[in-house]
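For reference, the structure discussed in these notes is given below.
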Amino acid sequence: MSSIIIETSGLTRNYGDICALKPLDLVVPEGEWLTVMGHSGSGKSTFMNLVGGLDRPSAGSLRVGGKDLLAFTEDGLARFRREFVGIIFQQHHLVPYLTAVENVMLAQYFHSVPDEAEARSALERVGLGHRLKNRPGELSGGEQQRVCIARAIINSPKLLLGDEPTGNLDHKSTVMVMELLKELRAEEKFTVIMVTHNQEVAGWGDRTIYLDDGMLVREERKVEA
Amino acid sequence: MNRRRWLIHLVLRALAYRKGRTLLLLAVLAMASSLATALGIVSSSMEKRVAEEVRKYGANLVIFPESARLDIGSGGLNFGVVSEPAYLQQSIVEDALIKSELKAEVSFHLRGALHLKDADIMVEGVNFNDIKRLFPWWQLKGNWPAAGETVIGNDLASRMKLKTGDIVELGGGNKMRLRISGIVASGGEEDGLLFVALPELQQTLDLGGKISLVRLMVTAGGNTLKTSASDLQKLLPAAKVTEVRQTARTSEGLLAKVKLLMFMVTAVVLVSAGSSVAGTMSTTVLERSREIGLMKAMGGTRWEVMLIFCGEATLLGVLGAIAGYVFGSVIAQFITKTVFSASADIIPWFAGISLGVSLFLALLGSVGPMISVFKLDPVRSLRGE
Numbered sequence: 051m052s053s054i055i056i057e058t059s060g061l062t063r064n065y066g067d068i069c070a071l072k073p074l075d076l077v078v079p080e081g082e083w084l085t086v087m088g089h090s091g092s093g094k095s096t097f098m099n100l101v102g103g104l105d106r107p108s109a110g111s112l113r114v115g116g117k118d119l120l121a122f123t124e125d126g127l128a129r130f131r132r133e134f135v136g137i138i139f140q141q142h143h144l145v146p147y148l149t150a151v152e153n154v155m156l157a158q159y160f161h162s163v164p165d166e167a168e169a170r171s172a173l174e175r176v177g178l179g180h181r182l183k184n185r186p187g188e189l190s191g192g193e194q195q196r197v198c199i200a201r202a203i204i205n206s207p208k209l210l211l212g213d214e215p216t217g218n219l220d221h222k223s224t225v226m227v228m229e230l231l232k233e234l235r236a237e238e239k240f241t242v243i244m245v246t247h248n249q250e251v252a253g254w255g256d257r258t259i260y261l262d263d264g265m266l267v268r269e270e271r272k273v274e275a
Numbered sequence: 237m238n239r240r241r242w243l244i245h246l247v248l249r250a251l252a253y254r255k256g257r258t259l260l261l262l263a264v265l266a267m268a269s270s271l272a273t274a275l276g277i278v279s280s281s282m283e284k285r286v287a288e289e290v291r292k293y294g295a296n297l298v299i300f301p302e303s304a305r306l307d308i309g310s311g312g313l314n315f316g317v318v319s320e321p322a323y324l325q326q327s328i329v330e331d332a333l334i335k336s337e338l339k340a341e342v343s344f345h346l347r348g349a350l351h352l353k354d355a356d357i358m359v360e361g362v363n364f365n366d367i368k369r370l371f372p373w374w375q376l377k378g379n380w381p382a383a384g385e386t387v388i389g390n391d392l393a394s395r396m397k398l399k400t401g402d403i404v405e406l407g408g409g410n411k412m413r414l415r416i417s418g419i420v421a422s423g424g425e426e427d428g429l430l431f432v433a434l435p436e437l438q439q440t441l442d443l444g445g446k447i448s449l450v451r452l453m454v455t456a457g458g459n460t461l462k463t464s465a466s467d468l469q470k471l472l473p474a475a476k477v478t479e480v481r482q483t484a485r486t487s488e489g490l491l492a493k494v495k496l497l498m499f500m501v502t503a504v505v506l507v508s509a510g511s512s513v514a515g516t517m518s519t520t521v522l523e524r525s526r527e528i529g530l531m532k533a534m535g536g537t538r539w540e541v542m543l544i545f546c547g548e549a550t551l552l553g554v555l556g557a558i559a560g561y562v563f564g565s566v567i568a569q570f571i572t573k574t575v576f577s578a579s580a581d582i583i584p585w586f587a588g589i590s591l592g593v594s595l596f597l598a599l600l601g602s603v604g605p606m607i608s609v610f611k612l613d614p615v616r617s618l619r620g621e
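Residue numbers (this note's numbering), protein chains in the order written: chain C, 51 to 275; chain S, 237 to 621.
Dropping the structure here:
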């Protein structure tokens, strides 16, 4: 039986009077691909930010990888993120003045020591061996997202978070990115939390939870054919 | 690539990406540091130049013996004050000057009356080498005297119908027979005097080692003239130490005022430059808030992210300082050539001043933006809020 990587109890996030995430009890086993679905404003990004140590809950408990995130200082959370989490954003958020390989090396810099050979290798794994020296402005949306994936996996995270990573991609690119993530997960054995509102993307996961108005309303487990 | 090299690489890339803004910041920093450098060099050159100008005016301090004064009168009547000739011991004055550590050109004088052609004339004993240094404006027709020679004041020579080459016999104490080697014109009281070598006059008047006046040319700047006079006065209680020229004091005062003006102009420019740097850096941070949020989301601590921006400010400061020192030196040369008709000294340690000013402005102007970087919430900044 696999161990638990995420465990929440009564996890709540309020922004003033607005309750973005209502008390949530959730357990995610290590290595699972969990998809979080819901409409805009349903609390799925809030959940992802809390789990990734980017935000702090208003109430409840949150343990990720056996660590109590509420006990961390702000810089402690930053260290947790670089050691434990890789994030893929919908809008890529690549640094415009750095090349593809340098964008990957930036994640290495914050983690430990930049290693160009490793960064090149990561980009080759995502099929961008020929685009190493290109800047984000010179890459297509799908290519930028693959740089983002290489950057997210370069430090061998235990937890990969995807905030609508295919939201800006066409169908072909979406399939390409999802297949890439599936391959990488099989090799690296990381846990995936994928926030999306795309039912097709949800189909790639092991389990899907549905949030509505900050509340967990439904849960579906993928039935293997 | 190690972390330090990567940081430098990152900083260079970031600055190169925003060329326009980087050049603007560099221009502001270079302008401020070049102004500080230029005004510093000009100020230093000006001080030196004023000191040289003051030298041309000759002695600015005199020391003379405090005469024994005696009020003459009876009852309600007062017939005035009489004073006996008084002298200073040359060796005592020399000792006092050594103790005072005063940097000055000195000339010792002894004045006395001697007979010449049945008339009494005033004769002054001097060291002619000192006279040449202290009174460069004296106009001499003929030559400075050698042993057994004298120079005579213009007016006295006319009155006594004497000319260069004449032999004069001076009587009073011991007799002196001297050849006139030149006629001096100073436009002052010296035109009515006859000048002889100090030891010869001391011997003639039986006043060995005695002097009646000391003239000093203290270089203006540093210790003020007034302080110098006061210090000397304490060491020579039997003498009176007096400033004889206002020129030096005026020059010192003017120099101080010009320096203050330059300091104020520099301060205003530095404040303006600091504001400009702060404004530009704030805009840059605002524009790069997503980038900062991303760095934090990837695991950069607040200090690590701030270090990148500090690195940018530091590099800008160093480059601004180099440009500022070069431009400042050129500007200083131009100003000193135009105003003083002289070239300014290249003062290497002003590079340090330039670096200090440029770095101070770059870092001070970055304080506000750095605080923003420090506080920036990664989630909100990635959302573009």
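Beta carbons: idealized from backbone N, C-alpha and C, even for Gly.
Being a predicted model, the structure only gives us computed values, none of them experimental.
- When 9 angstroms is used as the limit between beta carbons, S:Met542 is near no residue of chain C, the shortest such separation being about 11 angstroms.
- Residue pairing from DSSP places C:Pro79 in a beta bridge opposite C:Ile54.
- Annotation: the continuous beta strand (DSSP E) that includes S:Phe431 extends over 430–433.
- Taking CB atoms only, C:Arg196 has no neighbour in chain S less than 8 angstroms away.
- Around the Cβ of S:Gln569, a 10 Å sphere holds 16 or more other Cβ atoms; the residue is buried.
- Shortest Cα-Cα distance from S:Gly588 to any of S:Val554, S:Pro605, S:Ala295 involves S:Val554.
- In the DSSP assignment, C:Lys208 falls outside any beta strand (DSSP E), carrying neither H nor E.
- In this structure, S:Gly529 lies near S:Leu618, with their beta-carbon atoms less than 8 angstroms apart.
- When secondary structure is reduced to three states using DSSP, S:Val362 falls in the strand class.
- With fewer than 16 other CB atoms across the displayed protein chains lying within 10 angstroms of its CB, S:Thr463 is exposed.
- Pairing C:Val267 with S:Glu548, the inter-Cα distance amounts to about 49 angstroms.
- For the 8 angstroms CB-CB criterion, S:Ala492 and C:Arg131 do not form a contact.
- DSSP places S:Lys377 in the uninterrupted beta strand (DSSP E) bounded by 375–378.
- S:Met237 carries a coil assignment under DSSP once its states are collapsed to helix, strand and coil.
- Around the CB of S:Arg241, fewer than 16 other CB atoms lie within 10 Å, so the residue is classed as exposed.
- The beta-bridge partner set that DSSP reports for S:Ser279 is empty.
- Secondary structure note for S:Phe563: its alpha helix (DSSP H) is the uninterrupted segment 538–576.
- When Cβ-Cβ separations below 8 angstroms define contact, C:Arg106 makes no contact with chain S.
- For S:Gly604 against S:Arg526, the beta-carbon gap comes to about 19 angstroms, at or over 8 angstroms, which does not count as contact.
- In this structure, S:Ala598 is the residue among S:Ala598, S:Val562, S:Gly428 with its C-alpha nearest to the C-alpha of S:Gly515.
- Look at the segment 599–615 of chain S: the residues with a C-beta under 9 angstroms from a C-beta of chain C are Asp613, Pro614, Val615.
- Cβ-Cβ distances below 8 angstroms link S:Leu243 to Leu543, Ile544, Gly547 in the same chain, with the five nearest sequence neighbours on each side left out; the list follows chain order.
- S:Ala382 sits exposed, since fewer than 16 C-beta atoms from the chains shown fall within 10 Å of its C-beta.
- Around C:Val163, the beta-carbon contacts reaching into chain S at under 9 angstroms are Met237, Asn238, Arg239, Trp242.
- Residues of chain C with a Cβ closer than 9 angstroms to the Cβ of S:Glu523 do not exist; the shortest Cβ-Cβ separation is about 11 angstroms.
- Listed along chain C, the residues sitting closer than 8 angstroms to S:Met531 by beta-carbon distance are Leu156, Phe160.
- Residue environment analysis places C:Glu152 among the buried positions, since at least 16 neighbouring C-beta atoms fall within 10 angstroms of its C-beta.
- Straight-line measurement puts the Cα of S:Asp442 at about 30 angstroms from the Cα of S:Ser336.
- Annotated as distal: S:Ile567 and S:Ser281, with beta-carbon spacing of 8 angstroms or more.
- Rounded to whole angstroms, the separation of the alpha carbons of S:Ile558 and S:Ser512 is 19 angstroms.
- Using beta-carbon distances, C:Asn64 does not count as an interface residue toward chain S, since no partner is under 8 angstroms.
- Straight through space, the alpha carbons of C:Leu210 and C:Arg257 are spaced by roughly 15 angstroms.
- Here the segment 155–165 of chain C makes no contact with the segment 222–240 of chain C; the two share fewer than three CB pairs at distances below 8 angstroms.
- Approximately 27 angstroms separates the beta-carbon atoms of C:Ala252 and C:Asn205; this is outside 8 angstroms, ruling out the contact.
- Using a Cβ-Cβ cut-off of 8 angstroms, C:Leu210 does not count as an interface residue toward chain S, since no Cβ of chain S sits closer than that to its own.
- If you check the CB distance, S:Leu430 and S:Thr386 come in under 8 angstroms.
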